[in-house]
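**Q** In UniProt numbering, the protein residues as written are 1 to 297.
Don't be surprised by glycine CBs; every beta carbon is placed ideally from N, CA and C.
One structure coming up, written as structure tokens, with questions to follow.
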């Protein structure tokens, strides 16, 4: 089930939180929704679910606005606030209330308590829950209707390394089932490990969208060689490589993989002491796309 955001704009008086924003979120992949604080991510996700009315533009899920879905919780599960609980309720009580509201059986509650790792804490008061446990309970609430679409705003906040690994595996499995998963996060090194696509916004505007592997670009090859000048000249003579001198004996090459560099050096009798392939990180891409310097290029 595809999410389509088309020319979405939201103004609050003189402040434009989201401006003419368009992108698509496809099923079967995990899409990272990225941007600096205040970029408009949460506002956009709230417009997708009808919690915020757009000034103009549309957001549809499976071709329909959220408000026109017959049973929204069967279609969309959303996580926005890790503290939207009654502190005196137990986790089981909380889920039973929302299950009754949605018309779902108690067996669904039991299943989700197990799935989300909350079974042992099911009868504890939520006031004693850690932030990470609240995140799990929030996700369990969103999944009561077994929705085909998940909108998750910073779901990894408060999770320890084990919890992050658990979340990564869960979201990967949900996407592999053909669900549509849109997740915002500031934990860029973590989200890089499981996202397929990314949507990057800055000041409410789209700056990049597409497969992470394509946006990251080809890997770089770092070369240590005592024949740096000769190797740089040989590499630059070809049409594919871009060569940068890092130091007197180190080169950085884009456009050729490590085996191709090694073969070229061997063919010319040039010495190589080290070859390292360096893939771009999501943090590097994020900073390149969202800093003021990048925006003015």
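What does DSSP give as the partner residue(s) for residue 247 in the beta ladder?
**A** In DSSP, residue 247 forms a bridge with 250.
**Q** Report the three-state DSSP secondary structure of residue 75 (helix, strand or coil).
**A** Helix at residue 75.
**Q** According to the neighbour-count rule (16 or more other Cβ atoms, all chains shown, within 10 Å of its Cβ), is residue 176 buried or exposed?
**A** With fewer than 16 Cβ atoms within 10 Å of its Cβ, residue 176 is classed as exposed.
**Q** Can you tell me which of the three DSSP states residue 84 falls into?
**A** Coil, per DSSP.
**Q** Keeping to the same chain, check which residues put their C-beta closer than 8 Å to that of residue 8; ignore five residues upstream and five downstream.
**A** For residue 8, where only same-chain residues beyond five positions count, the Cβ hits under 8 Å are 18, 20, 21, 22, 44, 47, 54, 56, 57, 58 and 59.
**Q** Would residue 231 and residue 276 qualify as a contact pair, given that the criterion is a beta-carbon distance under 8 Å?
**A** Not closer than 8 Å, so no.
**Q** Beta-carbon separation of residue 41 and residue 184 under 8 Å?
**A** Contact: yes.
**Q** Determine the burial state of residue 32: buried for a count of at least 16 other Cβ atoms within 10 Å of its Cβ, exposed for fewer.
**A** Buried, since its Cβ has 16 or more Cβ neighbours within 10 Å.
**Q** Do you know offhand how far residue 212's Cα is from residue 88's?
**A** Their backbone Cα atoms lie some 42 Å apart in a straight line.
**Q** Does residue 278 come out as helix, strand or coil in the three-state DSSP assignment?
**A** Residue state, collapsed to three classes: strand.
**Q** Are there 16 or more other CB atoms within 10 angstroms of the CB of residue 155, so buried, or fewer, so exposed?
**A** Counting Cβ neighbours within 10 Å, residue 155 comes out buried, since at least 16 surround it.
**Q** Among 126, 100 and 73, whose alpha-carbon lies nearest the alpha-carbon of residue 149?
**A** Of 126, 100 and 73, the residue nearest in Cα terms is 73.
**Q** On the DSSP bridge list, what partners appear for residue 23?
**A** The partner list for residue 23 (beta bridge, DSSP) reads 5.
**Q** Looking only at its chain, what residues have a beta carbon closer than 6 Å to the beta carbon of residue 141, apart from the 5 residues adjacent to it on each side?
**A** Cβ neighbours of residue 141 beyond the five flanking positions: 98.
**Q** Compute the Euclidean distance between the alpha carbons of residue 217 and residue 128, then round it to the nearest angstrom.
**A** Roughly 45 Å separates the two Cα atoms.
**Q** Counting along the chain, where does the alpha helix (DSSP H) carrying residue 202 start and finish?
**A** Element bounds for residue 202: not the alpha helix (DSSP H) but the beta strand (DSSP E), 197-202.
**Q** Quick check: what's the CA-CA separation for residue 145 versus residue 113?
**A** Distance between the alpha carbons of residue 145 and residue 113: 14 Å.
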